[in-house]
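Q: Below is the structure I would like to discuss, written out as structure tokens.
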Amino acid sequence: MGEKGRARYGLREGWRAYRLIAGMWIRSTMAYRLSFAMTLVSGLLVTGLDFVAILLMFSRVDALGGYSLPEVAFLYGLSATSFGIADLVIGSAGRLGSRVRDGTLDTLLVRPAPVLAQVAADRFALRRVSRITQGALVLAYALAATDVDWTVAKVLLVPVTLVSGAVIFGAVLVAGAAFQFVAQDAAEVQSAFTYGGQTLLQYPPTVFGKELVRAVTFVFPLAFVNWVPAAYVLDRPYPLDLPEWTAYAPPLVAVACCALAGLAWRAGLRSYRSTGS
Amino acid sequence: MDAFIELDGVEKVFDVRRRTGFLRRERRQVRAVDGLSFTVARGEIVGYIGPNGAGKSTTIKMLTGILTPSGGRLRVAGIDPARERTRLAHRIGVVFGQRTTLWWDLPLIDSYRLAHRMYRIPDARYRENLDRLVELLDLESLLEVPVRQLSLGQRMRGDIAAALLHDPEVLYLDEPTIGLDVVSKARVREFLGELNTERGTTVLLTTHDLQDIERLCSRVMVIDHGRMMYDGPLAGLHEAGESERTLVVDLERELPPIDVGPAARVVRVEGPRQWLAFPASESAAPLVARIAAEHPLVDLSVREPDIEAVIGRMYADRETVVPGARNS
Ligand SMILES: Nc1ncnc2c1ncn2[C@@H]1O[C@H](COP(=O)(O)OP(=O)(O)OP(=O)(O)O)[C@@H](O)[C@H]1O
Ligand SMILES: [Mg+2]
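In order, the protein sequence lines correspond to chains W and X.
Position one of the first sequence corresponds to residue 1441 (our numbering), numbered consecutively onward.
Position one of the second sequence corresponds to residue 317 (our numbering), numbered consecutively onward.
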């Protein structure tokens, strides 16, 4: 089997193992329907608090960094939804560090399935759909309330951005997990990047300093999750005066992030050396 | 013979960083496995023993593909485990006594159902294997219990079943009887023996309980400092370990220690009873004849060397390579 064949085989087997493991956890969660329904509702309320904070701000001001409430809601909806999807699909990988430290990763390595699929699907938490739901509701409100001249390109860009954003966040989560092979206590650092990142993106780039925006664009390219494509949709100046074509860049950025995260993961896994007992 | 597991000069070196003071670290290398060579044929059941830190678990981790060897060549069923870990996984079963491969928070049966799908075990085969394992390992009443609620012995049986559902060609067991009571140990041993004779499953067993080895293994490998110290039949350990048998003689009355020259030496005297040690490889007959001729003898018995003592002595002089050690 060539390198490419092997990669494709790994992807297929990984996806299969992912579905099997996630399915097992979903069935187990569904055994307690009522308790699941309750966590879902409370999750919806808790994640909703983020947006309530923004609403409170707008009770005092008419615009935030030049963005109106529906426009901020657009940013918020894109960020929260795409992060929610990534967190649902791959968030469990964030607990990798403890498995590396206590050596229980050994038991995943003896199963006939890629390790990443197994850690991502472990304890698959369906309750995380509450964040997606909440984000999607805000996004729906934003789409209804903003007065945008919808063109075909703009309409298409919204779902493309959503998917690309989820992939970018997913790549960040995988890279963070890979880092935990080296620094096993880095789970907090990782959540600072991911949760912190998605909260940051809920606000317009214009309220932040240039340095921060630059970092979020070029170092951790989270700006492509919403800021850049939203600038195009909302006819706003581009952050950092980026050229207009960058609005279409999210899919490319997503692919590049995946490639880097994949490399990081492989390097991390190779460095795994189990424990002495 | 068809070599199923092949190791040729396999090494594993760990870089360990140790704190030697505030912010000061020292790097050191631990040679956990140091030029190990052996082969195991299909259908063999081999005991793999050695003192703590000898490199047994490290060897098993390399055989399963968890760890990549630092040097040498290693093949299991013709596959390089570290390179093709997932492909090999279909053909091997692993039980770690220290940690479970079961899904901790879910009922035992869920782990088996998942294995059914993940290993692509044909339905009929899965049913048959599950029924057999559940019966032999007495798991019926445990299937719906979450794994975390199982006792150590129950969990271990559950783990053994999980490792065998997909009919692996080889089963690695790293201390499978650790912490088990006498009854559970006996049951696990009996089960492994049957598995080997009836299914022809190759078994590599690591343990600190030498009874496991005595009951199950015709061949034992002793390693220390990652090097092979002995590889051969269990009986051969006695010679290799230069072990001694003991002749216990009851005399008519208390006498000074018997002197029979270099053939034996008195190791203990208690009233009219005396204990004489002589090489395990020598016959007791001439010794008995001579003592009976020269001393007023009432009764006598011969005690076989204790395998624990033999191995204990082997571990004790750790640096010397035992004569007769063979690297096949
Ligand atoms: N992941 C690791 N990192 C660093 N050193 C390790 C690691 N694993 C094992 N070692 C070292 O390698 C040596 C062999 O360890 P191993 O676990 O293979 O011994 P063992 O024969 O299984 O011992 P035991 O009977 O105590 O289980 C020990 O000195 C141990 O400290
Ligand atoms: Mg060990």
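Don't be surprised by glycine CBs; every beta carbon is placed ideally from N, CA and C.
Applying the 10 Å Cβ sphere with the 16-neighbour rule, what's the burial state of X:F354?
A: Position 38 of the second sequence holds residue 354 of chain X. Label assigned to X:F354: buried.
Q: Do you know how far the Cα of X:D324 is from the Cα of X:V349?
A: Along the second sequence, read from residue 1 onward, the residue named residue 349 of chain X stands at position 33. Along the second sequence, read from residue 1 onward, the residue named residue 324 of chain X stands at position 8. In a straight line, the C-alpha of X:V349 is about 12 angstroms away from that of X:D324.
Q: Rounded C-beta distance between W:D1490 and W:Q1642? I'm assuming under 8 angstroms.
A: Residue mapping note: residue 1490 of chain W aligns to position 50 of the first sequence, counting from 1. Residue mapping note: residue 1642 of chain W aligns to position 202 of the first sequence, counting from 1. 7 angstroms between Cβ atoms; contact.
Q: Please compile the residues from chain W whose C-beta is within a distance smaller than 8 angstroms of the C-beta of X:L430.
A: As a working mapping, residue 430 of chain X is identified with position 114 in the second sequence. Ordered by position in chain W, the residues that pass the 8 angstroms Cβ test against X:L430 are L1460, I1461 and M1464.
Q: For X:V614, would you say it is in contact with chain W, using Cβ-to-Cβ distances shorter than 7 angstroms as the test?
A: Taking the first residue of the second sequence as position 1, residue 614 of chain X is located at position 298. Answer no: the Cβ-Cβ gap between X:V614 and chain W never drops below 7 angstroms.
Q: Kindly indicate if chain W contains any beta-carbon less than 7 angstroms away from that of X:K377.
A: Looking up residue 377 of chain X in the second sequence gives position 61. Yes - at least one Cβ of chain W is within 7 angstroms of the one on X:K377.
Q: Run down chain X in chain order and give the residues with a C-beta less than 8 angstroms from the C-beta of W:E1453.
A: Locating residue 1453 of chain W in the first sequence gives position 13, counting from the first residue. The answer, in chain order, is T402.
Q: Is W:V1614 close to chain X, meaning its C-beta is less than 7 angstroms from at least one C-beta of that chain?
A: Here residue 1614 of chain W corresponds to residue number 174 of the first sequence, with the count starting at 1. Chain X contact via Cβ: absent.
Q: Mind checking W:N1666: buried by the 16 CB within 10 Å criterion, or exposed?
A: If you number the first sequence from 1, residue 1666 of chain W lands on position 226. By the neighbour-count definition (other C-beta atoms within 10 Å, threshold 16), W:N1666 is a buried residue.
Q: For ligand 1, any of its heavy atoms closer than 6 angstroms to the Cβ of X:F412?
A: What you label residue 412 of chain X is simply residue 96 of the second sequence in a count that begins at 1. False, no ligand heavy atom lies under 6 angstroms from that Cβ.
Q: With a CB to CB cut of under 8 angstroms and the five nearest residues on each side skipped, what residues in its chain are close to X:V332?
A: Locating residue 332 of chain X in the second sequence gives position 16, where the first residue counts as 1. Hits under 8 angstroms: R343, R344, Q345 and V346.
Q: Which residues mark the beginning and the end of the beta strand (DSSP E) in which X:P595 is found?
A: Position 279 of the second sequence, counted from the first residue, corresponds to residue 595 of chain X. Note, X:P595: beta strand (DSSP E), R589 to P595.
Q: Using the Cα positions of W:G1616 and X:L458, report the straight-line distance between them to the nearest angstrom.
A: For this step, residue 1616 of chain W is matched to residue 176 along the first sequence. For this step, residue 458 of chain X is matched to residue 142 along the second sequence. One C-alpha to the other measures close to 38 angstroms.
Q: Measure from the C-beta of X:I382 to each C-beta in chain W and report whether the shortest distance is under 7 angstroms.
A: Within the second sequence, numbered from 1, the residue matching residue 382 of chain X stands at position 66. Yes, because at least one Cβ of chain W sits closer than 7 angstroms to the Cβ of X:I382.
Q: What does W:A1457 reach in chain X if we use C-beta pairs closer than 8 angstroms?
A: Residue 1457 of chain W sits at position 17 when you count from the first residue of the first sequence. Here the neighbours are M434.
Q: By the 10 Å Cβ neighbour count, where 16 or more other Cβ atoms means buried, how is X:P385 classified, buried or exposed?
A: Working through the second sequence from its first residue, we reach residue 385 of chain X at position 69. X:P385 sits buried, since 16 or more C-beta atoms from the chains shown fall within 10 Å of its C-beta.
Q: Hey, out of W:A1565, W:S1570 and W:R1654, whose CA is closest to W:V1481's CA?
A: What you label residue 1481 of chain W is simply residue 41 of the first sequence in a count that begins at 1. Closest option to W:V1481, Cα to Cα, is W:S1570.
Q: Starting from the beta carbon of X:L422, find every residue of chain W whose beta carbon is closer than 9 angstroms, and list them in chain order.
A: Here residue 422 of chain X corresponds to residue number 106 of the second sequence, with the count starting at 1. Within 9 angstroms Cβ-Cβ: M1464, W1465 and S1468.
Q: Quick one: complete beta strand (DSSP E) runs, 3+ long, within the stretch 446–488 of chain X?
A: none
Q: For a test of the three-state rule: what should DSSP assign to X:D540, helix, strand or coil?
A: The residue you call residue 540 of chain X lines up with position 224 of the second sequence. The answer is strand: DSSP assigns X:D540 an E or B state.
Q: Are the Cβ atoms of X:T513 and X:G359 separated by less than 7 angstroms?
A: Your numbering for residue 513 of chain X matches position 197 in the second sequence. Your numbering for residue 359 of chain X matches position 43 in the second sequence. No, they are not a contact pair.
Q: Going along the stretch 1544–1555 of chain W in order, which residues come within less than 8 angstroms of chain X, judged by CB to CB distance?
A: T1544, D1546, T1547, L1549, V1550, R1551, P1552, A1553 and P1554
Q: Ordered along the chain, which non-local residues of its own chain (more than five positions away) have a Cβ less than 6 angstroms from that of X:V411?
A: Counted from its first residue, the second sequence places residue 411 of chain X at position 95. So the list reads D475, I476, A479, L489 and P492, once near-sequence residues are dropped.
Q: List, from N- to C-terminal side, the alpha helix (DSSP H) runs of 4 residues or more that fit wholly inside the stretch 1566–1610 of chain W.
A: 1569–1585
Q: Mind listing, in chain order, the residues whose beta carbon lies closer than 7 angstroms to a non-hydrogen atom of ligand 2?
A: W:S1717, X:K372, X:S373, X:D490, X:E491 and X:T522
Q: Interface residues of chain X around W:S1714 at Cβ under 9 angstroms?
A: Within the first sequence, numbered from 1, the residue matching residue 1714 of chain W stands at position 274. Here the neighbours are S373, T374, K377, I382 and L383.
Q: Any idea what DSSP makes of W:T1479, helix, strand or coil?
A: Walking along the first sequence from the start, residue 1479 of chain W turns up at place 39. If DSSP states are grouped into helix, strand and coil, W:T1479 belongs with the helices.
Q: Roughly how far, in whole angstroms, is the beta-carbon of W:T1634 from the beta-carbon of W:F1609, given that I think they are within contact range, below 8 angstroms?
A: Within the first sequence, numbered from 1, the residue matching residue 1634 of chain W stands at position 194. Within the first sequence, numbered from 1, the residue matching residue 1609 of chain W stands at position 169. Contact holds; Cβ gap of about 7 angstroms.
Q: In terms of DSSP beta bridges, what is X:E288 paired with?
A: Residue numbering for chain X in the displayed model covers 317 to 644; residue 288 of chain X lies beyond these limits and cannot be assessed.
Q: I want to verify the contact list: residues of chain W whose CB lies under 9 angstroms from the CB of X:Q414, in sequence order.
A: For the purposes of this step, residue 414 of chain X is identified with residue 98 of the second sequence, where counting begins at 1. Going along chain W in sequence order, the residues near X:Q414 (Cβ under 9 angstroms) are G1543 and S1717.
Q: On the DSSP bridge assignment, give the partners of X:S617 in chain order.
A: On the second sequence, position 301 is the one that residue 617 of chain X refers to. Bridge partners of X:S617: X:V564.
Q: Starting from the beta carbon of X:A405, find every residue of chain W whose beta carbon is closer than 7 angstroms, and list them in chain order.
A: Counted from its first residue, the second sequence places residue 405 of chain X at position 89. Result: V1550, R1551 and P1552.
Q: Which residues mark the beginning and the end of the beta strand (DSSP E) in which X:D331 is found?
A: In the second sequence, counting from the first residue as 1, residue 331 of chain X sits at position 15. DSSP places X:D331 inside the beta strand (DSSP E), whose first and last residues are A319 to G337.
Q: Is there a Cβ from chain W that is less than 7 angstroms from the Cβ of X:D426?
A: The count along the second sequence starts at 1 and reaches residue 426 of chain X at position 110. Output row for X:D426: interface = yes.
Q: If you check the beta carbons only, do X:L563 and X:L521 fall under 7 angstroms apart?
A: For this step, residue 563 of chain X is matched to residue 247 along the second sequence. For this step, residue 521 of chain X is matched to residue 205 along the second sequence. No, the pair does not count as a contact, with Cβ atoms beyond the cut-off.
Q: List in chain order: all unbroken alpha helix (DSSP H) runs of 4+ residues lying wholly within the stretch 1660–1714 of chain W.
A: 1667–1673 and 1690–1711
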